[in-house]
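Trainee:
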Amino acid sequence: MASPASRKVRRRARAAPRARSAEDWWWDRLAPSGSGYHLLPSDSMLLVLSEPGPARTRAQRRAARRTPRAARRTPRQPPPGRAAAKPKATLRPDPAPSPEEGPDAGWGDRIPLEILVQIFGLLVAADGPMPFLGRAARVCRRWQEAASQPALWHTVTLSSPLAGRPAKGGVKAEKKLLASLEWLMPNRFSQLQRLTLIHWKSQLVGESCPRLTFLKLSGCHGVTADALVMLAKACCQLHSLDLQHSMVESTAVVSFLEEAGSRMRKLWLTYSSQTTAIVGALLGSCCPQLQVLEVSSGINRNSIPLQLPVEALQKGCPQLQVLRLLNLMWLPKPLGRGVAPGPGFPSLEELCLASSACNFVSNEVLGRLLHGSPNLRLLDLRGCARITPAGLQDLPCRELEQLHLGLYGTSDRLTLAKEGSPLLTQKWCHTLRELDLSGQGFSEKDLEQALAAFLSTPGGSHPALCSLNLRGTRVTPSTVSSVISSCPGLLYLNLESCRCLPRGLKRAYRGLEEVQWCLEQLLTSPLPS
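Here the numbering used here runs 125 ahead of the position in the sequence shown, where the first position is 1.
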């Protein structure tokens, strides 16, 4: 049995006030009394938010929570013959807020709506509005208000959930999807500008998207001609159509182009057996204001050559600014005797005829395409082994910025020209920013003369060259070091498989530091034997 002295010590310890812990001290330092800040801890962060009313310390908030529990307790009766113990000292809670002040708002309501919309905009730019905005709208009223802002619904991608699934339950899922779209279209899609449909089977009501400007149909095969014509009539601002990897019937596409007419500005196609009818409609001047035309080969390369008459295309689409025929076996029709050349493309700025295999593009075809294009900026002829520097020298463009003549996988079976590269650099050395000579068979001396054009530019200014691809060429160390020294803005240099360079330096260099390191190694390394 404990002695009376030990009982007195315990009684004093219970009666003494509890010492402040380190946690209480830390909380008081973060939000002292009267500072006007409210602390809200979470799993991975600490939110310090301003509050309209007077701030309370952590001890006061704890006392307020314990008050109801302490009020229910009944005081213990002392045993007979013993005096009642003095009541313990407790902290008095603050008085309850008056009804005029109202309930304390949550932390979500304290974030300004403009800031919340900007945060949502970052997530929408990375992953798209669906399904994030739909889920965020269920958090609270403030989030719902932010998620319904029209600025967040400019670009939408919809993928059919029925693609690749069994037919069981498909009707129910399709009805649910259409019901969701019926609500989204009038409530969210009124400001929609870019719409992408992937493996879509349902119809889309165009009246709900009056501001739509871009439409992409990828893998869609259930869109009919009536639906596309209705969409073209309802969306008076629609001017871009992407049909790459699409299974829409050519008759539906032709009907859409005829209805859109002069509004069409951009068109992307995947070459197939149905492309001929669409190209025929373009040659018939159904889209006279077309500015971008791209026809590319699909995954399975089509062995049927593309019949595309150059002069007819120039008459049907005279406003073309970008023409891309990617990885196609293009067989241009020869110009008959006594036939005058076409009007050309006066506004053309980009021509891309890149192909992974040998094609039939020659100097004569290139001249027919570009004889009236003085504003050309980008010329991509990768894989066009029949193009020679002499044919490029006759082009009327004087401000070319990107020239790609690389040969990939085809140079081993062809007899390549060994001279003529100085004709290219001497003509465009003052404007070229990117030059690709990968796989070309120019000799060491010819390349030295060609790249020497960058040593002296008109007016004494530095060359604009920032990307140089010499992969598989016979460039020498002295030529490479001269180019690096004369082009301070060079950020990419490809020297892979260059047989005349020392070992350890035959690789691609990215960035200014790596290019300068290559220069130091070339100046200090011994010449290869």
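Heads up, the beta-carbon is just placed ideally off N, CA and C, and yes, glycines get one too.
Computed from a predicted model, the values in this text were never measured in an experiment.
#1: D351: buried (16+ other C-beta within 10 angstroms of its C-beta) or exposed?
#2: Pick out the complete beta strand (DSSP E) segments inside the stretch 527-612, 3 residues or longer, and give them in chain order.
#3: Is it buried or exposed, V341, if we count other Cβ atoms within 10 angstroms and call 16 or more buried?
#4: Counting pairs of Cβ atoms below 8 Å between the stretch 624-631 and the stretch 560-567, do you hit three or more?
#5: When the Cα of L418 is compared with those of Y634, L478 and A304, which residue comes out closest?
#6: Give the secondary structure of C643 by DSSP, where H, G and I count as helix, E and B as strand, and everything else as coil.
#7: Please report how far the alpha carbon of V486 lies from the alpha carbon of P459, in whole angstroms.
#8: Are T395 and H370 touching if we call contact CB-CB under 8 Å?
#9: I need the boundaries of the alpha helix (DSSP H) containing L248, first residue and last residue.
#10: Can you give the Cα-Cα distance for R336 and L320, rounded to whole angstroms?
#11: Within the continuous beta strand (DSSP E) that includes E419, where are the two ends?
#12: What residue does the beta strand (DSSP E) around S387 start on, and which one ends it?
#13: Where do the ends of the beta strand (DSSP E) carrying F339 lie?
#14: Quick check: what's the CA-CA separation for G386 versus R635?
#15: Since Y396 sits in a beta bridge, which residues does DSSP pair it with?
#16: Can you check which of these residues, R390, Q416 and S380, is closest to G405 by C-alpha distance?
#17: Counting C-beta neighbours from all protein chains within 10 Å, is the total for P602 16 or more, i.e. buried, or is it exposed?
#18: My guess is that S472 and Q446 are in contact by the Cβ rule of under 8 Å, so how many angstroms apart are they, rounded?
#19: Below 6 Å CB to CB, which residues in the same chain sit around L618 once its five sequence neighbours on both sides are set aside?
#20: Between which residues of its own chain and V354 is the CB-CB distance below 7 Å, once the five residues before and five after are set aside?
#21: Considering only residues of the same chain and omitting the five flanking positions on each side of P224, which have a CB-CB separation below 6 Å?
#22: According to DSSP, A272 sits in a beta bridge with which residue or residues?
#23: When you compare only the Cα positions, how much space is there between P443 and I403?
#24: Closer than 7 Å by C-beta to L648: which residues in its own chain qualify, once you throw out the five before and the five after it? Chain order, please.
#25: Would you grab the beta carbon distance between P514 and S546 for me? Rounded to a whole angstrom, and I think it's under 8 Å.
#26: Alpha carbon to alpha carbon, what distance is there between S586 and E526?
#27: Just confirm the distance between the C-beta atoms of L576 and T604, as a whole number of angstroms; I'd bet it's less than 8 Å.
#28: Report buried or exposed for I244, applying the criterion of at least 16 other Cβ atoms within 10 angstroms of its Cβ.
Mentor: Walking through what the data contain:
#1: exposed
#2: 527-529, 559-561 and 592-594
#3: Per the sequence presented here, residue 341 reads as Lys, with Val not at that position. Burial call: buried.
#4: no
#5: L478
#6: helix
#7: 11 Å
#8: yes
#9: L238 to D252
#10: 11 Å
#11: V417 to S421
#12: Careful: S387 lies outside any beta strand (DSSP E) and carries neither H nor E.
#13: F339 to S343
#14: 45 Å
#15: According to DSSP, Y396 bridges with nothing at all.
#16: S380
#17: buried
#18: 5 Å
#19: L593, Y634 and V640
#20: S380, F381 and E384
#21: Reliability of the predicted coordinates at P224 is poor, the pLDDT of 47 falling under 50, and the value obtained from them is presented with this limitation in mind. Once the five neighbours on either side are set aside, P224 has no close Cβ partner at all.
#22: Note: A272 sits in no beta bridge, so no partner.
#23: 17 Å
#24: S606
#25: 6 Å
#26: 16 Å
#27: 5 Å
#28: exposed
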